[in-house]
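J.: Residue numbers (this note's numbering): -2 to 67.
Beta carbons: idealized from backbone N, C-alpha and C, even for Gly.
What follows is a single structure, and I will ask about it in a moment.
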Amino acid sequence: MIHHSCQHRYESGQIGQRIDYDAWGRVTHDSQPGFQPFGLAGGLYDPDTGLTRFGARDYDAETGRWTAKH
-2 MIHHSCQHRY ESGQIGQRID YDAWGRVTHD SQPGFQPFGL AGGLYDPDTG
48 LTRFGARDYD AETGRWTAKH
């Protein structure tokens, strides 16, 4: 099991991308930035704003907060 990270592998078994996160969802390591748009917990990461989109709300990993009330 890998805690706070995800790995993507090719059919050959070679790792295509590894992303590690801290407890608040900040990326601590990304082996291939821009390889795929998915971020923490499957949200869509926007590199321009630094926010991760979850449906109608955005999460800011730098502050550890949502940008809008649910």
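Please look up how many angstroms separate the CB atoms of Asp27 and Ile12, rounded, as I've assumed it's under 8 Å.
T.: Taking the first residue of the sequence shown as position 1, residue 27 is located at position 30. Taking the first residue of the sequence shown as position 1, residue 12 is located at position 15. So it is not a contact: roughly 12 Å between Cβ atoms.
J.: Look at the Cβ atom of Tyr56, then the Cβ atom of Thr46, and state whether they are nearer than 9 Å.
T.: Counted from its first residue, the sequence shown places residue 56 at position 59. Counted from its first residue, the sequence shown places residue 46 at position 49. Cβ distance not < 9 Å, so Tyr56 and Thr46 don't count as in contact.
J.: Please list the terminal residues of the continuous beta strand (DSSP E) segment that includes His67.
T.: Position 70 of the sequence shown holds residue 67. Taken as a continuous stretch (DSSP letters only), His67 belongs to no beta strand (DSSP E), as it is neither H nor E.
J.: Could you tell me the distance, in whole angstroms, from the CA atom of Thr64 to the CA atom of Arg54?
T.: One-based indexing of the sequence shown puts residue 64 at position 67. One-based indexing of the sequence shown puts residue 54 at position 57. Spanning the two alpha carbons is a distance of roughly 7 Å.
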